[in-house]
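Report on one structure; see the data block that follows.
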Amino acid sequence: SSRQRFLSFFFIPH
Amino acid sequence: MFEARLAQGSIFAKVIEGLRELVTEATWECSGNGITLQAMDSSHVALVSLVLRSDGFETYRCDRNMSLGISLTSMSKVLKMMGKDDTLTIRVNDDSDAIVLSMESQNQEEFAEYELRLMDLDSEHLGIPDTDYSCVVKMPSTKFSRICRDMAILGDSVTICSTKDGVKFGAKGDVGQGSIRLNQSTNVDKEEDAVSIELREAVALTFAVRYLNMFCKAAPLSNQVNLSMSEDTPLMCEFKVGDMGHIRFYLAPKIED
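Residue numbers (this note's numbering), protein chains in the order written: chain A, 5 to 18; chain B, 511 to 767.
In structure tokens, the structure reads:
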């Protein structure tokens, strides 16, 4: 979905 | 203690107006470098990133890094009480659970002070990768606002097609369809009126126009807007905040099923 692709573009830094 | 003073308080009010439709509450990160904010909308298809550098303020003091959970809805209401030429000072005292907004009239005859309680917000900080976009369209922000408003009359989505010669915004829906094409400016007296396109590759992307219209609430901050696009990558819609920073909105393109 658009949302999943959108979130996969960004990343959560650890 | 944190204290930042802005001679033109109206700039800060415009920043809040630019954000508050997309995100109603957000965590402000304050450090010696300035104020940053990053937040997603509730449906997780748009992200906003704000930077206000410390050197853009008249005075700026931040003794230690602070995360301030703030209701933008409440802050917007408080800032509406500010006179248009007022100076604004934002302060958070040590061990305080409130942010203090002080407004001073230009003739220094009126001084108002409001306190807003800070909130405990869960926030997930996402990394925004550096991206080489295929295309960057720069255009007057008023023109972009008008086009987004007009496209919303025709449909829910707007398709932005950009080539080296120009950019076309199109929408279609139950009532009909329409498009607006802007050619790259060849000769303009004022830079702020120009449409310019930096292009490596032509792009055609479709977005929910409702979100673009929310982004346009930040248009009063800047004469120009930058639209950075690549296929299959979120749109970056940027408004500069004077010389002190920017608001960048990111929006997922719609994908045909």
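The C-beta atom is built at its ideal place from N, Cα and C for all residues, glycine as well.
With a threshold of 16 other CB atoms inside 10 Å of the CB of residue i, please say whether the residue is buried or exposed.
i: residue 568 (chain B); result: exposed
i: residue 558 (chain B); result: buried
i: residue 700 (chain B); result: exposed
i: residue 734 (chain B); result: buried
i: residue 531 (chain B); result: buried
i: residue 719 (chain B); result: buried
i: residue 526 (chain B); result: buried
i: residue 765 (chain B); result: exposed
i: residue 685 (chain B); result: exposed
i: residue 577 (chain B); result: exposed
i: residue 555 (chain B); result: buried
i: residue 602 (chain B); result: buried
i: residue 698 (chain B); result: exposed
i: residue 5 (chain A); result: exposed
By how many angstroms is the C-alpha of residue j removed from the C-alpha of residue i?
i: residue 637 (chain B); j: residue 620 (chain B); result: 43 Å
i: residue 691 (chain B); j: residue 661 (chain B); result: 12 Å
i: residue 10 (chain A); j: residue 713 (chain B); result: 18 Å
i: residue 740 (chain B); j: residue 624 (chain B); result: 44 Å
i: residue 642 (chain B); j: residue 664 (chain B); result: 32 Å
i: residue 689 (chain B); j: residue 670 (chain B); result: 10 Å
i: residue 545 (chain B); j: residue 680 (chain B); result: 37 Å
i: residue 537 (chain B); j: residue 613 (chain B); result: 22 Å
i: residue 524 (chain B); j: residue 588 (chain B); result: 13 Å
i: residue 721 (chain B); j: residue 649 (chain B); result: 18 Å
i: residue 761 (chain B); j: residue 528 (chain B); result: 15 Å
i: residue 599 (chain B); j: residue 543 (chain B); result: 17 Å
i: residue 683 (chain B); j: residue 618 (chain B); result: 54 Å
i: residue 640 (chain B); j: residue 15 (chain A); result: 12 Å
i: residue 564 (chain B); j: residue 604 (chain B); result: 19 Å
i: residue 687 (chain B); j: residue 715 (chain B); result: 17 Å
i: residue 540 (chain B); j: residue 574 (chain B); result: 8 Å
i: residue 7 (chain A); j: residue 703 (chain B); result: 34 Å
i: residue 608 (chain B); j: residue 628 (chain B); result: 5 Å
Once the 5 residues before and after residue i are set aside, which same chain residues still bring their CB inside 8 Å of it?
i: residue 676 (chain B); result: 691, 692, 693, 694, 705, 707
i: residue 517 (chain B); result: 568, 597
i: residue 583 (chain B); result: 530, 534, 535
i: residue 667 (chain B); result: 681, 716, 717, 718, 719, 764
Report all residues from its chain with a CB closer than 6 Å to the CB of residue i; omit the five preceding and five following residues, and keep chain order.
i: residue 737 (chain B); result: 647, 747
i: residue 673 (chain B); result: 712
i: residue 514 (chain B); result: 567, 570, 600
i: residue 678 (chain B); result: 671, 689, 691
i: residue 622 (chain B); result: 613
Assuming residue i and residue j form a contact by the criterion Cβ under 8 Å, report the distance between their Cβ atoms to the nearest whole angstrom.
i: residue 571 (chain B); j: residue 512 (chain B); result: 7 Å
i: residue 757 (chain B); j: residue 611 (chain B); result: About 20 Å; that fails the 8 Å criterion.
i: residue 725 (chain B); j: residue 759 (chain B); result: 4 Å
i: residue 615 (chain B); j: residue 710 (chain B); result: About 50 Å separates the two Cβ atoms, so there is no contact after all.
i: residue 534 (chain B); j: residue 581 (chain B); result: 7 Å
i: residue 562 (chain B); j: residue 755 (chain B); result: 4 Å
i: residue 696 (chain B); j: residue 13 (chain A); result: Not a contact, Cβ separation roughly 35 Å.
Between residue i and the rest of its own chain, which residues show a CB-CB distance below 7 Å, the 5 nearest in sequence each way excluded?
i: residue 651 (chain B); result: 729, 732, 733, 734, 735, 749
i: residue 723 (chain B); result: 658, 659, 662
i: residue 752 (chain B); result: 521, 566
i: residue 727 (chain B); result: 527, 528, 531
Contact criterion: CB-CB distance below 8 Å. Does residue i meet it with respect to chain D?
i: residue 6 (chain A); result: Going by chain labels, chain D is absent from the structure shown, which instead holds the protein chains A and B.
Are the stretch 630-641 of chain B and the stretch 653-671 of chain B touching, with three or more C-beta to C-beta distances below 8 Å? no
For the stretch 591-598 of chain B against the stretch 545-556 of chain B, do three or more pairs of beta-carbon atoms, one drawn from each stretch, fall closer than 8 Å, so that the two count as touching? no
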